[in-house]
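Protein chains: 2
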Amino acid sequence: MIGSDTEALRASALAVDLRAVVGKLKRRSREQAPLGDLTESQISVLVRLERDGPATVSALARAEAMRPQSMGANIAALTAAGLVSGAPHPTDGRQTVLSLTDACRSWIMSSREARQDWLVRTIKAQLDPAEIDQLASAIGLLRRLADS
Amino acid sequence: MIGSDTEALRASALAVDLRAVVGKLKRRSREQAPLGDLTESQISVLVRLERDGPATVSALARAEAMRPQSMGANIAALTAAGLVSGAPHPTDGRQTVLSLTDACRSWIMSSREARQDWLVRTIKAQLDPAEIDQLASAIGLLRRLADS
DNA sequence: TATTGTTATACTCTATAACTATA
DNA sequence: TATAGTTATAGAGTATAACAATA
Chain X
1 MIGSDTEALR ASALAVDLRA VVGKLKRRSR EQAPLGDLTE SQISVLVRLE RDGPATVSAL
61 ARAEAMRPQS MGANIAALTA AGLVSGAPHP TDGRQTVLSL TDACRSWIMS SREARQDWLV
121 RTIKAQLDPA EIDQLASAIG LLRRLADS
Chain Z
1001 MIGSDTEALR ASALAVDLRA VVGKLKRRSR EQAPLGDLTE SQISVLVRLE RDGPATVSAL
1061 ARAEAMRPQS MGANIAALTA AGLVSGAPHP TDGRQTVLSL TDACRSWIMS SREARQDWLV
1121 RTIKAQLDPA EIDQLASAIG LLRRLADS
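Protein chains in written order, with our numbering: chain X, 1 to 148; chain Z, 1001 to 1148.
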C-alpha cells in the first residue's frame, strides 16, 4: 500500500505543478500579444485548419473542447479579419465548411519567418534541441489528459 | 544551415502544439469545477502558500506572473471564503502577510483524500508511473518558459 | 427528433488607471 | 520618490439559454 500511496502523492504533486505552470504560461503568452492581434484560441484554430484541412464550427469546437457558441465567436473574428472563409457544405445545408484564405496562408508563412511569436522565440532561447524533444514527447501526455 | 532550419521548425511545431494543449487543458480543467468553487488561480495561490509559507500580495503576483490588482481580487475571494488570513507585517506597515488558515489546511487534506480534483483523477487514470515521471520532468521545462 | 449554427446575455479572470498610505 | 495595497472600470474569453434552419 505504500507504493500506491506514493503514486497518489506523485499524481497530486504533478497536478499542482501542472496547474500552476499552465496558468502562468497562459498569462505570459497572452500579455505578449503573440501574433497580430489574434488570441491564443484563434491561433489554435488557424493551425488546426492548416494542419487538418477545412472543418465546421461544431467540429472545431469539439476538437478544442469548447462550446460551439464560443467557437462561433472566434470564427467570426477570424472571418472579419479575412483569415478564414466559409462555404456551404455541398450536401448538408446546415453546415458551413471553413477554410483558410490565401491571405492567411501567406501571412502565416511570413510571420513564421519574422519569428514574431513570443512562445517560439522563448522556446528557442530557453531550450536546447534535446529539451525540445523531451517537451515534445511530453505534449503527447498532456494531450491525453486534455482529451480524456 | 539545414540543421538550424530543422531546429526552428521543431520549435515552431512545439509552440503550436503547446499552445493548443494548454488552452484545452485550461478549459477542461475549469469546466470540471476542480475543488470547491475555487478558480485555478486561487488553487495555485493556496498551494504556493502551503509550499512556500506566508507571502504578500505583491510577492504572490510576481510569482504567478499576474498584476497585483488581479492577485488582490483572488486573495479577497480566498479571504472571504475563510481560507486565507492576513496579518500586518511586523516592521513594514505597508505590507500584509498572508497565511493559510487552519480551516484551509484541514480542507486541503480532506479534499485530497476525497480525490475531488479532476486533474488528479485524470492523471491517475491516464498516466502510468513512468509517464508521470516523464511529465514531471517536463514541467520543469515549462516553468523555464513561463519564468523567462 | 437531432444537429448545425446564430443571437443575446452573463459570468469569470485579468488588465489599466487612479488613489491612499507607508517607507 | 518608490513601494504595498485598494477601488473602479474595462476588456477578453467562454458559458448558458433560446432560437431558426436543415436533416
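For each residue, glycine too, the CB sits at the ideal point set by N, CA and C. All of these numbers come straight from a predicted model, not from anything done at the bench.
Distance, residue j Cα to residue i Cα
i, j, result
"Ala73 (chain X)", "Gly1086 (chain Z)", "41 Å"
"Gln1116 (chain Z)", "Gln1126 (chain Z)", "16 Å"
"Ala1136 (chain Z)", "Arg94 (chain X)", "45 Å"
"Ala1011 (chain Z)", "Lys124 (chain X)", "6 Å"
"Gly1053 (chain Z)", "Asp1092 (chain Z)", "18 Å"
"Val1097 (chain Z)", "Glu1113 (chain Z)", "29 Å"
"Ala1138 (chain Z)", "Ala138 (chain X)", "6 Å"
"Asp1102 (chain Z)", "Ala13 (chain X)", "21 Å"
"Arg67 (chain X)", "Pro1068 (chain Z)", "31 Å"
"Ala1008 (chain Z)", "Gln134 (chain X)", "16 Å"
"Arg1051 (chain Z)", "Glu50 (chain X)", "43 Å"
"Ala1076 (chain Z)", "Val1057 (chain Z)", "10 Å"
"Val22 (chain X)", "Val1022 (chain Z)", "6 Å"
"Glu1031 (chain Z)", "Arg1143 (chain Z)", "24 Å"
"Pro88 (chain X)", "Ala55 (chain X)", "11 Å"
"Ala1065 (chain Z)", "Arg105 (chain X)", "33 Å"
"Asp1017 (chain Z)", "Pro90 (chain X)", "31 Å"
"Val1141 (chain Z)", "Met71 (chain X)", "The residue you asked about is not Val; residue 1141 (chain Z) is Leu in the sequence shown. The straight-line gap from Cα to Cα measures roughly 30 Å."
"Arg1062 (chain Z)", "Leu1046 (chain Z)", "15 Å"
"Ala36 (chain X)", "Gly1036 (chain Z)", "Residue 36 (chain X) is actually Gly in this sequence, not Ala. If I take the Cα positions, the gap works out to 38 Å."
Supposed close pair residue i, residue j - CB separation, criterion 8 Å
i, j, result
"Ala29 (chain X)", "Arg1028 (chain Z)", "Sequence inspection shows Ser at residue 29 (chain X); the Ala mentioned does not correspond to that position. Not really, about 18 Å apart at Cβ, beyond 8 Å."
"Leu145 (chain X)", "Leu1078 (chain Z)", "Not quite, the Cβ-Cβ distance comes to about 26 Å (not below 8 Å), so this is no contact."
"Leu1060 (chain Z)", "Arg1048 (chain Z)", "7 Å"
"Ala1015 (chain Z)", "Leu119 (chain X)", "4 Å"
"Ser148 (chain X)", "Thr1006 (chain Z)", "Wrong, their Cβ atoms sit about 32 Å apart, outside the cutoff."
Closer than 7 Å: residue i CB and nearest the ligand ATP heavy atom
i, result
"Glu1131 (chain Z)", "Annotation note on the ligand ATP: not contained in the displayed structure, which lists no ligands."
(Q) So within the region 73-139 of chain X, which uninterrupted beta strand (DSSP E) runs reach at least 3 residues, ignoring any that extend past its ends? (A) 84-88 and 96-100
(Q) I'd like to know if the region 97-109 of chain X and the region 126-144 of chain X are in contact, where contact means that at least 3 CB-CB pairs between them fall below 8 Å. (A) no
(Q) At a CB distance below 8 Å, what residues from the region 1036-1048 of chain Z approach chain X? Give them in sequence order. (A) Glu1040, Ser1041, Ile1043, Ser1044, Val1047 and Arg1048
Q. Is the region 32-49 of chain X in contact with the region 1069-1084 of chain Z, if contact means three or more CB pairs nearer than 8 Å?
A. no
Q: Using a Cβ-Cβ cut-off of less than 7 Å, give me the residues of the region 1127-1147 of chain Z that come near chain X, in sequence order.
A: Leu1127, Pro1129, Glu1131, Ile1132, Gln1134, Leu1135, Ala1136, Ala1138, Ile1139, Leu1141, Leu1142, Arg1143, Arg1144, Leu1145 and Ala1146
Q: For the region 56-80 of chain X, enumerate the residues whose C-beta is nearer than 7 Å to any C-beta of chain Z, in chain order.
A: Glu64, Ala65 and Met66
Q | Under 9 Å (Cβ pairs) to chain Z, residues found in the region 13-35 of chain X | A | Ala13, Leu14, Ala15, Val16, Asp17, Leu18, Arg19, Ala20, Val21, Val22, Gly23, Lys24, Leu25, Lys26, Arg27, Arg28, Ser29, Glu31 and Pro34
Q) Given a limit of 7 Å on CB to CB distance, which residues of the region 1104-1123 of chain Z reach chain X? A) Arg1112, Asp1117, Leu1119, Val1120, Thr1122 and Ile1123
Q: Mind checking the region 88-101 of chain X against chain Z and listing, in chain order, the residues whose C-beta falls within less than 9 Å of any C-beta there?
A: none
Q. What residue ranges within the region 13-52 of chain X form continuous alpha helix (DSSP H) runs of no fewer than 4 residues, ordered along the chain?
A. 40-52
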